[in-house]
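Numbering (the working numbering), first residue to last: 692 to 882.
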(Lines of atoms letter the chains of each structure in order from A and count residues from 1; the text may use other names and numbers.)
(Lines give C-alpha, C1' and ligand atoms only; values in the text may rest on other atoms or scores of the structure.)
Protein backbone atom coordinates (compact mmCIF):
# COMPACT_ATOMS: atom_id res chain seq x y z
CA UNK A 1 0.00 0.00 0.00
CA UNK A 2 2.85 2.24 0.63
CA UNK A 3 3.87 1.73 -2.94
CA UNK A 4 0.41 2.71 -4.23
CA UNK A 5 0.40 5.80 -2.05
CA UNK A 6 3.87 6.78 -3.24
CA UNK A 7 2.82 6.11 -6.80
CA UNK A 8 -0.31 8.23 -6.37
CA UNK A 9 1.63 11.07 -4.80
CA UNK A 10 4.13 10.89 -7.65
CA UNK A 11 1.31 11.00 -10.21
CA UNK A 12 -0.35 13.93 -8.41
CA UNK A 13 2.97 15.75 -8.21
CA UNK A 14 3.67 15.02 -11.86
CA UNK A 15 0.13 16.18 -12.83
CA UNK A 16 0.59 19.38 -10.80
CA UNK A 17 3.91 20.13 -12.47
CA UNK A 18 2.32 19.38 -15.85
CA UNK A 19 -0.60 21.72 -15.09
CA UNK A 20 1.80 24.48 -14.03
CA UNK A 21 3.80 23.91 -17.21
CA UNK A 22 0.63 24.08 -19.36
CA UNK A 23 -0.59 27.26 -17.59
CA UNK A 24 2.84 28.85 -18.04
CA UNK A 25 2.87 27.93 -21.74
CA UNK A 26 -0.64 29.36 -22.24
CA UNK A 27 0.29 32.57 -20.38
CA UNK A 28 3.46 32.99 -22.42
CA UNK A 29 1.64 32.40 -25.70
CA UNK A 30 -1.10 34.92 -24.75
CA UNK A 31 1.55 37.47 -23.77
CA UNK A 32 3.41 36.96 -27.05
CA UNK A 33 0.15 37.23 -28.99
CA UNK A 34 -0.86 40.47 -27.24
CA UNK A 35 2.64 41.92 -27.61
CA UNK A 36 2.60 41.13 -31.32
CA UNK A 37 -0.83 42.74 -31.66
CA UNK A 38 0.37 45.91 -29.90
CA UNK A 39 3.49 45.94 -32.07
CA UNK A 40 1.42 45.64 -35.27
CA UNK A 41 -1.01 48.36 -34.15
CA UNK A 42 1.88 50.66 -33.19
CA UNK A 43 3.54 50.02 -36.53
CA UNK A 44 0.29 50.89 -38.33
CA UNK A 45 -0.09 54.12 -36.35
CA UNK A 46 3.53 55.12 -36.98
CA UNK A 47 3.40 54.37 -40.68
CA UNK A 48 -0.10 55.58 -41.57
CA UNK A 49 -1.71 57.86 -39.03
CA UNK A 50 1.12 59.95 -37.61
CA UNK A 51 2.32 61.18 -41.03
CA UNK A 52 -1.28 62.17 -41.79
CA UNK A 53 -1.61 64.07 -38.49
CA UNK A 54 1.72 65.82 -39.10
CA UNK A 55 0.56 66.71 -42.60
CA UNK A 56 -2.69 68.17 -41.21
CA UNK A 57 -0.72 70.25 -38.70
CA UNK A 58 1.52 71.51 -41.52
CA UNK A 59 -1.59 72.25 -43.57
CA UNK A 60 -3.07 74.28 -40.70
CA UNK A 61 0.18 76.22 -40.41
CA UNK A 62 0.16 76.90 -44.15
CA UNK A 63 -3.40 78.24 -43.96
CA UNK A 64 -2.29 80.68 -41.25
CA UNK A 65 0.72 81.71 -43.34
CA UNK A 66 -1.46 82.43 -46.37
CA UNK A 67 -3.96 84.44 -44.31
CA UNK A 68 -1.13 86.40 -42.70
CA UNK A 69 0.44 87.07 -46.11
CA UNK A 70 -2.93 88.35 -47.37
CA UNK A 71 -3.26 90.59 -44.31
CA UNK A 72 0.25 91.98 -44.80
CA UNK A 73 -0.57 92.78 -48.41
CA UNK A 74 -3.89 94.40 -47.50
CA UNK A 75 -2.26 96.56 -44.84
CA UNK A 76 0.84 97.52 -46.83
CA UNK A 77 -0.29 97.23 -50.43
CA UNK A 78 3.21 96.36 -51.65
CA UNK A 79 3.40 94.18 -54.78
CA UNK A 80 6.11 92.09 -53.11
CA UNK A 81 3.63 91.26 -50.35
CA UNK A 82 1.07 90.31 -52.98
CA UNK A 83 3.59 87.95 -54.59
CA UNK A 84 4.32 86.45 -51.15
CA UNK A 85 0.61 85.82 -50.72
CA UNK A 86 0.39 84.10 -54.13
CA UNK A 87 3.38 81.90 -53.19
CA UNK A 88 1.72 80.90 -49.92
CA UNK A 89 -1.46 80.03 -51.81
CA UNK A 90 0.51 77.87 -54.26
CA UNK A 91 2.12 76.04 -51.33
CA UNK A 92 -1.30 75.54 -49.74
CA UNK A 93 -2.73 74.08 -52.95
CA UNK A 94 0.26 71.73 -53.28
CA UNK A 95 -0.24 70.54 -49.70
CA UNK A 96 -3.93 69.85 -50.29
CA UNK A 97 -3.10 67.92 -53.46
CA UNK A 98 -0.40 65.92 -51.67
CA UNK A 99 -2.92 65.03 -48.97
CA UNK A 100 -4.97 63.07 -51.48
CA UNK A 101 -1.87 60.98 -52.18
CA UNK A 102 -1.21 60.51 -48.47
CA UNK A 103 -4.66 59.21 -47.60
CA UNK A 104 -6.75 57.95 -50.47
CA UNK A 105 -9.50 56.54 -48.24
CA UNK A 106 -10.35 60.00 -46.91
CA UNK A 107 -11.63 61.25 -50.27
CA UNK A 108 -14.57 63.13 -48.74
CA UNK A 109 -12.36 65.30 -46.51
CA UNK A 110 -9.86 65.94 -49.27
CA UNK A 111 -12.54 67.03 -51.72
CA UNK A 112 -14.11 69.27 -49.05
CA UNK A 113 -10.70 70.87 -48.45
CA UNK A 114 -10.32 71.49 -52.18
CA UNK A 115 -13.75 73.17 -52.31
CA UNK A 116 -12.87 75.36 -49.31
CA UNK A 117 -9.50 76.23 -50.88
CA UNK A 118 -11.17 77.33 -54.13
CA UNK A 119 -13.72 79.46 -52.24
CA UNK A 120 -10.94 81.01 -50.15
CA UNK A 121 -8.83 81.67 -53.24
CA UNK A 122 -11.79 83.29 -55.04
CA UNK A 123 -12.56 85.52 -52.04
CA UNK A 124 -8.89 86.47 -51.73
CA UNK A 125 -8.78 87.46 -55.42
CA UNK A 126 -11.94 89.52 -54.93
CA UNK A 127 -10.42 91.26 -51.90
CA UNK A 128 -7.21 91.97 -53.82
CA UNK A 129 -9.23 93.46 -56.70
CA UNK A 130 -11.12 95.67 -54.27
CA UNK A 131 -7.84 96.75 -52.68
CA UNK A 132 -6.38 97.65 -56.08
CA UNK A 133 -9.43 99.55 -57.38
CA UNK A 134 -10.01 102.82 -55.51
CA UNK A 135 -13.66 103.06 -56.58
CA UNK A 136 -14.43 99.56 -55.32
CA UNK A 137 -12.48 100.28 -52.15
CA UNK A 138 -14.14 103.66 -51.58
CA UNK A 139 -16.97 102.11 -49.55
CA UNK A 140 -14.41 100.46 -47.28
CA UNK A 141 -12.51 103.72 -46.90
CA UNK A 142 -15.72 105.58 -46.00
CA UNK A 143 -16.70 102.86 -43.50
CA UNK A 144 -13.24 102.94 -41.93
CA UNK A 145 -13.44 106.72 -41.68
CA UNK A 146 -16.88 106.49 -40.03
CA UNK A 147 -15.73 103.91 -37.50
CA UNK A 148 -12.12 104.88 -36.88
CA UNK A 149 -12.13 108.69 -37.03
CA UNK A 150 -14.38 109.13 -33.96
CA UNK A 151 -12.23 106.66 -32.03
CA UNK A 152 -9.08 108.40 -33.24
CA UNK A 153 -10.43 111.76 -32.12
CA UNK A 154 -11.48 110.41 -28.72
CA UNK A 155 -8.12 108.74 -28.16
CA UNK A 156 -6.17 111.81 -29.31
CA UNK A 157 -8.30 114.03 -27.07
CA UNK A 158 -7.71 111.77 -24.09
CA UNK A 159 -3.97 111.73 -24.75
CA UNK A 160 -3.84 115.53 -25.10
CA UNK A 161 -5.73 115.90 -21.84
CA UNK A 162 -3.32 113.51 -20.07
CA UNK A 163 -0.33 115.36 -21.48
CA UNK A 164 -1.74 118.73 -20.41
CA UNK A 165 -2.34 117.52 -16.84
CA UNK A 166 1.16 116.05 -16.67
CA UNK A 167 2.71 119.31 -17.90
CA UNK A 168 0.79 121.29 -15.27
CA UNK A 169 2.02 119.01 -12.47
CA UNK A 170 5.43 119.35 -10.89
CA UNK A 171 8.39 118.18 -12.90
CA UNK A 172 9.23 115.14 -10.81
CA UNK A 173 11.29 112.46 -12.53
CA UNK A 174 8.44 109.92 -12.37
CA UNK A 175 6.02 112.41 -13.87
CA UNK A 176 8.52 113.38 -16.54
CA UNK A 177 8.85 109.71 -17.54
CA UNK A 178 5.07 109.34 -17.80
CA UNK A 179 4.89 112.54 -19.85
CA UNK A 180 7.56 111.28 -22.26
CA UNK A 181 5.67 108.03 -22.70
CA UNK A 182 2.40 109.85 -23.35
CA UNK A 183 4.02 112.12 -25.95
CA UNK A 184 5.56 109.11 -27.69
CA UNK A 185 2.18 107.33 -27.64
CA UNK A 186 0.48 110.40 -29.11
CA UNK A 187 3.07 110.69 -31.87
CA UNK A 188 2.86 107.02 -32.80
CA UNK A 189 -0.96 107.10 -32.73
CA UNK A 190 -1.05 110.19 -34.95
CA UNK A 191 1.16 108.54 -37.53
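Don't be surprised by glycine CBs; every beta carbon is placed ideally from N, CA and C.
Closest by C-alpha distance to residue i, when choosing among the options
i, options, result
"residue 781", "803, 763, 758", "758"
"residue 819", "769, 714, 720, 738", "769"
"residue 743", "815, 714, 807, 790", "790"
"residue 815", "785, 800, 798, 776", "776"
"residue 746", "871, 824, 801", "801"
Own chain partners of residue i with C-beta closer than 7 Å, once the 5 adjacent residues on each side are dropped
i, result
"residue 805", "787"
"residue 729", "none"
"residue 725", "none"
"residue 702", "none"
Contacting residues, own chain, Cβ-Cβ under 6 Å from residue i (five flanking each side not counted)
i, result
"residue 756", "779"
"residue 763", "772"
"residue 707", "none"
"residue 705", "none"
"residue 825", "none"
Integer-rounded CB distance, given that residue j should sit under 8 Å from residue i
i, j, result
"residue 754", "residue 783", "6 Å"
"residue 760", "residue 772", "7 Å"
"residue 822", "residue 765", "6 Å"
Boundaries (first-last residue) of the alpha helix (DSSP H) holding residue i
i, result
"residue 739", "Here residue 739 belongs to no alpha helix (DSSP H), and DSSP marks it neither H nor E."
Beta-carbon contacts of residue i that lie in its chain and below 8 Å, excluding the five residues immediately before and after
i, result
"residue 711", "none"
"residue 808", "783, 784, 787"
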